[in-house]
Each structure stands twice: as structure tokens, then as C-alpha cells.
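Everything on this sheet refers to the single structure shown next.
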Amino acid sequence: MGCSLVHFAVQNGTSIFAPVSPPADQIRQLFFLVVAVCAGILFIVEAVLIYSLLRFRRKPSDPTSEPPQVYGSMPIEIAWTTAPALIVFLFVLALFRTESNIRVPPIPEGSEPVHVTVIGHQWWWEFHYETEDGKVITANELHLPISDPDGGTQRPVILTLQSADVCHSFWVPRLAGKIDLIPGRTNTLWFQTQQPGTYLGQCAEFCGVQHANMLLRVVVESPEEFRRWLDNERKPAREPSNDTLRKGRTTFLNTSCVNCHRIRGTTADGAFGPDLTHLMARKTLASGMVENDRAQLRQWVDDPQVTKPGCLMPAMKLSPTEIDLVVEYLRSLE
Ligand code: HEC
Ligand SMILES: [Cu+2]
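All letters in the sequence shown, in the order written, are residues 3 to 336 by the numbering used here.
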């Protein structure tokens, strides 16, 4: 059971035992130190307990005998107060060392840090990239370049974290420790990795009914793939290429979708929900909950409360024809 849980976590990219970034590695080391020391304590305590049970058990030959009493013994009182205090002190020192090792990002000369602002919402993630040619806004799937490919440029990732509503916590176990997103406060977190892949994460601070479905994906890719993705994200939304798509766009723009969603290049400029400019560049919908395919998207536009009960997008009560048109249009937003 334990093993298969660990296996499940590794398979699904959420294991603290498979770090791919220096901060996550430091945290694993600290974890092993604490587990090793605690296992040692357990072993010693159990050994003494078993020894006493056997050595001082009641003897049939002398049923009234008692072991020697140590109650009130000064040396023993001192020993079992100082030993735990020293062990806790050791943990504090180890914690401070880990903390100072992971707190400040190393930014060597010639490196090109990637700066992303992360904003937590009930129950999805917003990402802002600051690039030389302006801002890119997207949601739920964080794309990043690998750092130092074959001894090339180091690209530490520096996240600035904020919240739009309540407390959330950003946690991608294979990349870094947890960090809270707190209303009215700005936190930072850094990591970097040489290993491409998709790393899964999760909001780690209870934030309301759909907290458990506030998932996130970090896609770490080659510098070229990352550049291509970013260049695409920077562009305004694709123009409709036929009448159906044009009708779909008109339907979307005439519905109150525009109060909550932005599609850059159109009049839709809402910021309450995820930016939809390049919706189809995402693999999942609703913060990693379901696959971004036609059926799920149609279900979502028809009534998001079926997929994610309690989420902050109401059912918009469009007619089936309108839903089809809007879905068709959204599916053209690559
Ligand atoms: C009251 C604000 C509001 C309105 C109006 C609204 N939405 Fe949403 N929408 C949201 C929120 C909030 C989310 C994020 C839900 C979540 O994941 O918890 C969302 C999510 C979505 C998503 C999934 C995005 C993603 O990447 O996961 C799509 C697609 C979407 N809305 C389309 C629409 C369409 C189409 C309309 C109009 C028919 C619409 N929305 C109207 C607030 C709104
Ligand atoms: Cu949350």
C-alpha cells in the first residue's frame, strides 16, 4: 500500500522523492535526516521497552518482587530532558541551513532568469510573464525553459506570488517546497531544472469547495520549444477563418462571457476568469481537472457546475446552437 502510493506519486509527477531541482533536493535531504533520527529514537525506545519487559517480568518463584525504582533520580531526569532538547536543536540547525540554501536564487553572471507572476484565484492559477516585448497572460499551465542545457545558459525561474482572493499555496513537489499566496502580500519562490517534462502540482492550502481541484501543471521544455510557445502566447487571438467561427465569435462577444474572460484582439477584456486568448494551447480545462477536448469544452460552456461544482463560473444558459458556435470558436484559439 505505502509502496504503491509512492509509486503512484512518482508516476504522476508529484513525488517529493524524485526531485529535479536544487530546492526540492535540499528538502528531500532534510526529510531523510529527520526520518533517520526519528527512526533511531524509535529503535532505542522500543529496544529499552522490550528489554525491560523481559528482564523485569514477574517471576513465578518470587511474585512480589519489584524492579529497582528510578522515580525522582536526578541523573535520569537530566538525561531525558537534555537529549530531546539537543535533538530538536539539531533539527532547528538543519532547518535553518536548508532554508538559507533554498531561500535566495543563485543568479550567476550571464544567466537569464525567467520571471513569472503567479496569482492564485478560487480555483485556478493565473500566470504573467514579463518579457522584453511585453506581458503574456495565461492560466493553469506554466511553461518554462530548461536551465543550463549541456552547460549552456542558466535559467533560474523566479516566481512572484500573489492572491486575488483568499490564501492559496503553490506546491510542485518535484521542483520546490510549498509557498503561500497571501492576499495583500507578495512572496517569491525559485527553482531551476535541467530535466524536461511535465511536473504536476496542487494548491496546498484549503481555499474553498474546489480546493482539491486547483491543480497545476508545469511544462519544462527545450529553449526552442519554450520560445515558440511564448511567441504564440504573445500574439493576439487568431482571426476567425470562416463564417461559423465568425458567428461563434459574435455569440461569445454578445454574451456576458466578456465580463469575466479576456480574448486579446477582441473586445472581451474581463479578468475575473482565465485568459482564453490561446485556450487550445492548454492540454487541460478548469485547472488541470479535465482534458481540453471538444466534449469536455462543450460540457463546460453548457454548464461548468457539472464538471466543477461550486466553481465561480455560472451556467450561462446558452441555446444548444449558441453553445456549438462558441465551442467551435474557442477551439480555433490555438
Ligand atoms: C462570472 C464570471 C464568468 C462568466 C460570465 C463566464 N466565465 Fe468562464 N470562467 C470563469 C471562471 C472563474 C473560470 C475558472 C473556473 C475554475 O477553473 O475554477 C472560468 C473558466 C472558463 C473556461 C476554462 C478555462 C481554462 O483554461 O480552464 C472556459 C473555456 C470558459 N470559462 C468559457 C466561458 C464562456 C464561453 C463563457 C460565456 C458563455 C464564460 N466562460 C462565462 C468565470 C466566468
Ligand atoms: Cu487554492
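Every residue gets a Cβ at the ideal spot worked out from N, C-alpha and C, and that includes glycine.
> Which two residues bound the contiguous alpha helix (DSSP H) that contains glutamate 330?
Replying inline: 322 to 332
>> Could you give the first and the last residue of the continuous beta strand (DSSP E) run that contains tyrosine 201?
In response: 199 to 205
> Should serine 171 be counted as a contact of ligand 2 given a C-beta to heavy atom distance under 8 Å?
Replying inline: yes
>> Under DSSP, the beta strand (DSSP E) around phenylalanine 172 begins and ends at which residues?
In response: 170 to 173
> Which residues bound the alpha helix (DSSP H) around glutamine 156?
Replying inline: Run containing glutamine 156: none; DSSP gives neither H nor E here.
> Is it the case that the Cβ atoms of isoleucine 181 and leucine 163 are separated by a distance below 9 Å?
Replying inline: yes
> What is the C-beta distance between leucine 287 and leucine 332, in whole angstroms, given that I count them as a contact (C-beta under 8 Å)?
Replying inline: At roughly 10 Å, the Cβ-Cβ gap does not stay under 8 Å, so leucine 287 and leucine 332 are not in contact.
> Are the beta-carbon atoms belonging to leucine 144 and valine 220 less than 9 Å from one another?
Replying inline: yes
> Which word fits glutamine 204, buried or exposed, when buried means at least 16 other C-beta atoms lie within 10 angstroms of its C-beta?
Replying inline: buried
>> Could you tell me the alpha carbon to alpha carbon distance between aspartate 245 and arginine 266, rounded to whole angstroms?
In response: 20 Å
>> Can you tell me whether isoleucine 139 is helix, strand or coil according to DSSP?
In response: strand
>> For ligand 1, I want to know if valine 303 counts as a neighbour, meaning its beta carbon is within less than 8 Å of at least one of the ligand's heavy atoms.
In response: yes
>> By the DSSP assignment, the beta strand (DSSP E) with arginine 219 in it spans what residues?
In response: 217 to 223
>> Going by the DSSP bridge assignment, what does glycine 122 pair with across the sheet?
In response: Trp127, Ser165
> Who does threonine 61 pair with in a DSSP beta bridge?
Replying inline: Going by the sequence as given, residue 61 is lysine instead of threonine. Looking at the DSSP assignment, lysine 61 forms a beta bridge with Asp64.
>> Could you give the first and the last residue of the continuous beta strand (DSSP E) run that contains aspartate 182?
In response: 181 to 183
> When the distance is taken between beta carbons, is alanine 178 closer than 9 Å to serine 54?
Replying inline: no
>> Here's the rule: buried if 16 or more other CB atoms are within 10 angstroms of the residue's CB, otherwise exposed. What is phenylalanine 254?
In response: buried
>> Does phenylalanine 274 come out as helix, strand or coil in the three-state DSSP assignment?
In response: coil
> Can at least three beta-carbon pairs, one atom from the region 74 to 87 and one from the region 96 to 106, be found at a separation below 8 Å?
Replying inline: no
>> In this structure, how does DSSP classify phenylalanine 98 when only helix, strand and coil are distinguished?
In response: helix
> Is any heavy atom of ligand 2 found at a distance shorter than 8 Å from the C-beta of glycine 290?
Replying inline: no
>> Let me check you understand the geometry: is the CB of glycine 203 closer than 8 Å to at least one non-hydrogen atom of ligand 2?
In response: no
>> Our contact map puts arginine 240 next to serine 334 with C-beta atoms below 8 Å; I'd like the distance itself, whole angstroms only.
In response: 6 Å
>> Between which residues of its own chain and proline 21 is the CB-CB distance below 7 Å, once the five residues before and five after are set aside?
In response: Asp27, Arg30, Arg176
> Between the region 222 to 237 and the region 144 to 155, are three or more C-beta pairs nearer than 8 Å?
Replying inline: yes
> Excluding the five sequence neighbours on either side, which residues of its own chain have a C-beta within less than 6 Å of the C-beta of tryptophan 231, listed in chain order?
Replying inline: His145
> Cα separation between leucine 213 and glutamine 298?
Replying inline: Checking the sequence, you will find histidine at residue 213 rather than leucine. In a straight line, the C-alpha of histidine 213 is about 20 Å away from that of glutamine 298.
>> Let's see if you can read the secondary structure: which residues bound the alpha helix (DSSP H) around asparagine 261?
In response: 259 to 262
>> Just verifying my parser: in three-state terms, what is the DSSP assignment at leucine 144?
In response: strand
> Which two residues bound the contiguous alpha helix (DSSP H) that contains leucine 177?
Replying inline: That residue, leucine 177, is in no alpha helix (DSSP H); it is neither H nor E in DSSP.
> If you run the structure through DSSP and keep just helix, strand and coil, what is arginine 266?
Replying inline: strand
> Taking C-beta to C-beta, are serine 289 and leucine 191 nearer than 9 Å?
Replying inline: no
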